[in-house]
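> Here it is: the structure, laid out below.
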């Protein structure tokens with residue numbers, strides 16, 4: 001298990017549609033473990049493989065409270081099969097867009113179908129923070145970022161600042 005470098009916007013991998021995983025084998029399990037290590041180190045509550053430069057449909061999350069035991073979730077090829085009619089607005093951030101946050105409205109509940117770390121098909125129905133996190137991470141697999149839900153003005157300001165910061169780090 002290893003901590004991997006997180007990629008930041010405007011890296012093009014964050015805008016690609018990730019490729020499906022054929023099966024969850026030892027390599028994918030190792031990727032999931034590395035992603036969890038990276039997420040916990042950041043620290044964050046979710047991470048998608050494109051955020052470490054790997055365009056595969058793999059996400060990990062842990063929405064447990066600080067005073068609770070870790071409750072990691074590992075998903076390959078996650079697919080939302082139902083969304084609730086009720087919605088909620090939460091402040092979202094992203095490890096690939098550090099220092100920036102915004103209010104995003106999403107469905108309050110989801111049912112997601114995925115392969116677990118043992119290549120077993122699973123379904124999970126959840127609401128609240130976990131439902132938001134799942135939607136946020138699946139968006140990553142489709143090349144969508146939380147800033148895409150913000151006003152054009154706010155999104156453009158964030159992208160300009162991150163692009164300027166990226167240029168400054170290279171120079």
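In our numbering, the protein residues as written are 1 to 171.
We put the CB at the ideal spot given by N, CA and C, even for glycine.
Out of 4, 95, 120, state which residue places its alpha-carbon closest to the alpha-carbon of residue 25.
The shortest Cα separation from residue 25 among 4, 95, 120 belongs to 120.
> Tell whether a beta-carbon distance below 8 Å holds between residue 44 and residue 95.
Their beta carbons are under 8 Å apart, which means residue 44 touches residue 95 by this criterion.
> Grab the span of the alpha helix (DSSP H) containing residue 198 for me, first residue to last.
Absent from the structure is residue 198, since the part of the chain shown begins at 1 and ends at 171.
> Determine, using beta-carbon pairs with one atom in the segment 54-62 and one in the segment 70-88, whether at least three such pairs fall under 8 Å.
The segment 54-62 vs the segment 70-88: in contact.
> If the criterion is Cβ atoms closer than 8 Å, does the pair residue 166 and residue 8 meet it?
Yes. Within cutoff.
> In angstroms with no decimal places, state the Cα-to-Cα distance between residue 66 and residue 40.
Distance between the alpha carbons of residue 66 and residue 40: 12 Å.
> Can you have a look at residue 112 and say buried or exposed, based on whether 16 or more other CB atoms are within 10 angstroms of its CB?
It counts as buried.
> Which residue wins for smallest C-alpha separation from residue 144, given the options 30, 4, 36, 11?
The option with the nearest alpha carbon to residue 144 is 11.
> Do residue 92 and residue 136 have their C-beta atoms within less than 8 Å of each other?
It is a contact, given that the beta carbons lie within the stated cut-off.
> What's the call for residue 38, buried or exposed, on a 16-neighbour Cβ count within 10 Å?
Result: buried.
> What did DSSP end up calling residue 6 once you bin it into helix, strand or coil?
DSSP places residue 6 in coil when its eight states are reduced to three.
> For the beta strand (DSSP E) holding residue 79, just list the boundary residues, first then last.
Note, residue 79: beta strand (DSSP E), 73-83.
> Exposed or buried, what is residue 17 when buried is set at 16 or more other beta-carbons lying within 10 Å of its beta-carbon?
Exposed: under 16 other Cβ atoms inside 10 Å.
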